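The opening residue of the sequence shown carries number 1 in UniProt numbering; numbering runs sequentially from there. Think of the CB as a built atom: it goes at the ideal place given N, C-alpha and C, for glycine as much as any other residue. Here the structure is a predicted model, which is why all the values come from computation and not from measurement. The structure under discussion appears below in the form of structure tokens.
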Amino acid sequence: MDNSKNKKLLLGQRLKLWRKEHSLKGNKLAKDIGISPGSLSEIENGNCLPSAETLSKLHEFTNLDVLWLLTGKGDMNKGQAEIIRTGEYENLDQAQFGIDPKILHDEKLKGLVEKLVKIYTSASPVQKANILGYLSGVDHQN
1 MDNSKNKKLL
11 LGQRLKLWRK
21 EHSLKGNKLA
31 KDIGISPGSL
41 SEIENGNCLP
51 SAETLSKLHE
61 FTNLDVLWLL
71 TGKGDMNKGQ
81 AEIIRTGEYE
91 NLDQAQFGID
101 PKILHDEKLK
111 GLVEKLVKIY
121 TSASPVQKAN
131 ILGYLSGVDH
141 QN
């Protein structure tokens, strides 16, 4: 098997794995991202690669981490910080993160969350520990 075919199979296998992990039917995912079920099947079976538009829609309409899909590196799902950073609050999984997406439309709260994410992502390990310690302490007071 040539190397490009191997890469296609790996990408397709990752997409299928992600879809099954999320209990998504192929028809539903295909409809959500605007492709035919046959096209999705071709991608998952390694017969073709997704177009840039399909990758963009996967990123926009799902919590699939496209970098993971393309390379196999990192987590299969976008992290909470990525969802907040990109403003894709409607893609938050309340059960996964314990957050009601409706509250993230509060502009003041949105600003605070974005600031916290920005500070945390660039913080040193000691600063991260301080932030986590503070949040744990506040959480235990309730």
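- Shortest Cα-Cα distance from T62 to any of L112, A123, L15 involves L15.
- Per the C-alpha coordinates, the member of N45, T71, V66 positioned closest to K78 is V66.
- Per the DSSP secondary-structure output, L64 pairs in a beta bridge with N77.
- Under the three-state reduction of DSSP, G34 is assigned to coil, being neither helix nor strand.
- Exposure of E107 is indicated by the presence of fewer than 16 other C-beta atoms within 10 angstroms of its C-beta.
- A Cβ-Cβ separation of about 5 Å places I43 in contact with P50 under the 8 Å criterion.
- The beta carbon of R19 is closer than 6 Å to those of L29 in its chain, skipping five residues each way along the sequence.
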